[in-house]
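Student: Sharing a structure with you now.
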Amino acid sequence: MKKNILKKLFGLDGKVIVLAGGAGQIGFSAAVALVEAGAQVAIADLDMEMARDKCRGLASEVRDKIFLHKTDVTSEKSVQNCWRTVRKKLGKIHGVVNCFHYKGNARKLDTKSNFFAPLAEYPLEAWEKVHAVNLRGTFLMCKTAIPYFRENGEGVILNLSSTYGNLSPNKNIYGESGINSPVAYASSKAAIINLTRYMATHLADDKIRANVLSPGGVLNNQSPEFLRNYTQLTPLKRMAVTGDYHAAIIFLLSPGSAYMTGANLVVDGGWTAW
53 MKKNILKKLF GLDGKVIVLA GGAGQIGFSA AVALVEAGAQ VAIADLDMEM
103 ARDKCRGLAS EVRDKIFLHK TDVTSEKSVQ NCWRTVRKKL GKIHGVVNCF
153 HYKGNARKLD TKSNFFAPLA EYPLEAWEKV HAVNLRGTFL MCKTAIPYFR
203 ENGEGVILNL SSTYGNLSPN KNIYGESGIN SPVAYASSKA AIINLTRYMA
253 THLADDKIRA NVLSPGGVLN NQSPEFLRNY TQLTPLKRMA VTGDYHAAII
303 FLLSPGSAYM TGANLVVDGG WTAW
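Okay, so the sequence shown: first residue is 53 according to my numbering, each after it adds one.
So this is what it looks like as structure tokens:
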């Protein structure tokens with residue numbers, strides 16, 4: 053019997069995926085979707101308490117296919133340990149998804165790092181913290197994956213950028229909240245796009261593909277003012293829910309995207325189309 057075309061193109065049966073930042077909003081939802089597509093998923097995250105809490109709510113057949121490993125993506129030693137442990141625990145590794153970012157505390161003003169400071173007042177400490185997580189972390193997770201993908205004979209890298217990696221944040225949507233999308237977030241997310249293009253061209257001979265997913269904003273208890281401002285500037289007139297990214301993530305990790313590398317797939321409700 054011929055294999056179902058959907059399974060052939062988009063099935064991930066037997067694949068092992070490392071999902072860095074998998075305890076977060078997009079990351080954990082993606083982990084569940086990847087398991088349902090047939091993969092085993094290793095969530096690499098610093099916040100194991102959050103990851104464990106979320107896993108408790110899963111059905112056992114999904115939970116049993118998710119492996120948790122505490123990982124600091126800014127530390128090369130921690131990242132190397134993650135890859136060694138996942139390889140030993142789950143076997144050969146097919147792909148990595150990097151969906152972490154440092155964004156300060158969006159529920160109150162982050163006075164410790166002053167993450168939300170305006171450009172003229174932006175502290176070097178916050179700049180370095182954001183780039184250490186977003187950019188250095190992505191670099192380390194990808195660099196350290198290469199020997200494992202070479203062992204496997206192929207591999208897939210999926211790095212998450214952002215709408216704000218493709219264009220400047222619109223300062224007018226934040227009102228008087230004191231919260232914005234600062235310069236370090238935009239610059240680090242933009243750098244991820246070209247870092248991924250570099251990987252795509254320099255790793256192609258190893259049969260390693262590398263692509264970017266640029267998601268739009270995700271609904272997450274934002275203020276009514278922000279929701280109104282954001283949706284007015286989005287052609288589809290809403291923010292995303294995490295499920296809006298499942299198909300893109302599965303596609304970019306699956307055989308269905310076999311001729312795709314160095315690409316930036318923008319899924320943002322049309323925000324960047326104006």
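For glycine and all other residues, C-beta sits at the position ideal for the given N, C-alpha and C.
Remember, predicted model here, so these are calculated numbers, not experimental data.
Give the single residue among Val148, Asn166 and Ile145 whose Cα lies nearest to the Cα of tyrosine 154.
Tutor: Taking only the C-alpha atoms, the option nearest tyrosine 154 is Asn166.
Student: Note down, in chain order, each residue of its chain lying with its Cβ closer than 6 Å to the Cβ of threonine 123, except the 5 sequence neighbours on either side.
Tutor: Contacts found: Ala96, Ser130 and Cys134.
Student: Between tyrosine 216 and tyrosine 237, is the Cβ-Cβ spacing less than 8 Å?
Tutor: Closer than 8 Å, so yes.
Student: Got a sec, what are the start and stop residues for the beta strand (DSSP E) arginine 261 sits in?
Tutor: Per DSSP, arginine 261 belongs to the beta strand (DSSP E) from 260-267.
Student: Which of helix, strand or coil does DSSP assign to asparagine 211?
Tutor: Strand, per DSSP.
Student: Does the count of Cβ pairs from the segment 106-117 and the segment 64-71 closer than 8 Å reach three?
Tutor: Too few Cβ pairs lie closer than 8 Å, so no.
Student: Measure how close the beta-carbons of asparagine 246 and threonine 313 come, nearest whole angstrom, since I'm counting them as under 8 Å.
Tutor: Contact doesn't hold; Cβ gap of about 14 Å is too wide.
Student: Spatial neighbours of leucine 197 within its chain, please: C-beta separation below 6 Å, excluding the five flanking residues on both sides.
Tutor: Checking the sequence shown, residue 197 turns out to be alanine, not leucine. Taken in chain order, the residues that qualify are Val148.
Student: So is the beta-carbon of valine 319 under 7 Å away from any non-hydrogen atom of the ligand NAD?
Tutor: No copy of the ligand NAD appears in this structure; indeed no ligand is present at all.
Student: Sort out for me which residues DSSP pairs valine 270 with in a bridge.
Tutor: Bridge partners of valine 270: Ala292.
Student: So, at 6 Å on beta carbons, what are the nonlocal neighbours of valine 87 in its own chain, with the 5 sequence-adjacent residues on each side left out?
Tutor: Around valine 87: Val93, Val114 and Lys117.
Student: Assign tryptophan 323 to one of two classes, buried (16 or more other C-beta atoms within 10 Å of its C-beta) or exposed (fewer than that).
Tutor: Buried, since its Cβ has 16 or more Cβ neighbours within 10 Å.
Student: Measure the CB-CB distance between proline 267 and tyrosine 297 and report whether it falls below 8 Å.
Tutor: Yes. Within cutoff.
Student: On the CB-based measure, 16 or more other CB atoms within 10 Å of its CB, does arginine 136 come out buried or exposed?
Tutor: Its Cβ having fewer than 16 others within 10 Å, arginine 136 is exposed.
Student: Here's a check: name, in chain order, each residue in its chain whose Cβ is nearer than 6 Å to the Cβ of tyrosine 344, leaving out the five neighbours to either side.
Tutor: Because the chain here runs from 53 to 326, residue 344 falls outside it and cannot be looked at.
Student: Out of Asn273, Thr283, Lys259 and His183, which one is the CA nearest neighbour of glutamate 206?
Tutor: That would be Lys259, whose Cα lies nearest to the Cα of glutamate 206.
Student: What is the rounded straight-line gap between the Cα of proline 234 and the Cα of glutamate 173?
Tutor: C-alpha separation (whole angstroms): 11 Å.
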